[in-house]
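Residues in the sequence shown are numbered consecutively from 1, following our numbering.
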Amino acid sequence: MSFNTYTALGSDRIMGNIRSDLQKATQSIMIIGPWIDDYFAHEIISSAARDLDANVLVRNPNEVDEFPRERTRFALSVFKEHWPNLKARTLEKLHAKMILIDNNLLYIGSANWYRFSLENAREIVIRGPIESTNGIQVEIKKLWRDGKPYEFQIMATSGQEISGISFEILDPLAKKVIESIPGVRIKGKREM
């Protein structure tokens, strides 16, 4: 695999690059990530044309705590308002995080697509042409194919405050394992 056509982006450069590339997008956007929020959705639609073919794959809502699940549903509602033909799917145990623009430009890395991860966490995302990554198209198609259609209740989005997820999400699957160990305390755990 050749990375000489890729650029590494730190947290402070991820969204600026995505917005810039979306302004030039003419065909499609695919977003894959376990959690998304309204902050991220508004950042995306602020630069993306309404006629893009939009696909979003998120983690199965039954595997997500209530607050991130609601923020994801709000984000999908924002996307659906912008892209009426949005296709949304869910996938159990999804952990991958990537954005594909015009089936050509790939963003992939550690960043989750929600406010805390994009503004406060220390993340690295690489940006480059999809053809420079052997096998990635097969893996993306497999994730999408294995997902199930997500029929979600559309929320009213106009006039709503854009808050996003302002704390780090502890993966509920990891949380179950950690909490099963006697005497273990989760530092910084946010109570819902």
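Ideal Cβ placement from N, Cα and C applies to all residues, glycine included.
Item to check | When Y6, D38, I32, L52 are compared against K24, the one with the closest alpha-carbon | outcome: Comparing C-alpha distances from K24 to each of Y6, D38, I32, L52 shows the shortest one belongs to L52.
Checklist entry - Leaving out the 5 sequence neighbours to the left and right, which residues in its chain are closer than 6 Å to K87 when beta-carbon positions are compared? => result So the list reads N55, once near-sequence residues are dropped.
Next on the checklist: Taking DSSP's pairing of strands, which residues face R59 in a bridge?
Outcome noted: In DSSP, R59 forms a bridge with L91.
Next on the checklist: Just verifying my parser: in three-state terms, what is the DSSP assignment at G135?
Outcome noted: Here G135 sits in coil by DSSP.
Checklist entry - In the DSSP assignment, what residue or residues form a beta bridge with V125? => result In the DSSP assignment, the residues bridged to V125 are L9, G109.
Next on the checklist: Here's the rule: buried if 16 or more other CB atoms are within 10 angstroms of the residue's CB, otherwise exposed. What is R50?
Outcome noted: Under this definition R50 is an exposed residue.
Checklist entry - Cα separation between A96 and I32? => result Roughly 7 Å separates the two Cα atoms.
Item to check | Distance, V138 Cα to P129 Cα | outcome: Rounded to the nearest angstrom, the two C-alpha atoms are 15 Å apart.
Next on the checklist: Please identify the residue among N104, L100, A121 whose C-alpha is closest to the C-alpha of S110.
Outcome noted: Looking at the Cα atoms, A121 is the closest of the given residues.
Next on the checklist: Between which residues of its own chain and R19 is the CB-CB distance below 6 Å, once the five residues before and five after are set aside?
Outcome noted: These residues qualify, in order along the chain: S47.
Item to check | Cβ-based neighbour list, G16, same chain, cut-off 6 Å, excluding 5 preceding and 5 following | outcome: Excluding sequence neighbours, G16 sits near nothing in its chain.
Next on the checklist: Mapping the DSSP letters down to three states, classify I99 as helix, strand or coil.
Outcome noted: Strand.
Checklist entry - Which residue or residues does DSSP assign as beta-bridge partners of D53? => result In the DSSP assignment, D53 forms a beta bridge with S28.
Item to check | Beta-carbon proximity check, I162 vs D38, cutoff 9 Å | outcome: Yes. Within cutoff.
Checklist entry - Taking just the CA atoms, how far does W144 sit from Y6? => result Each residue's alpha carbon lies about 24 Å from the other.
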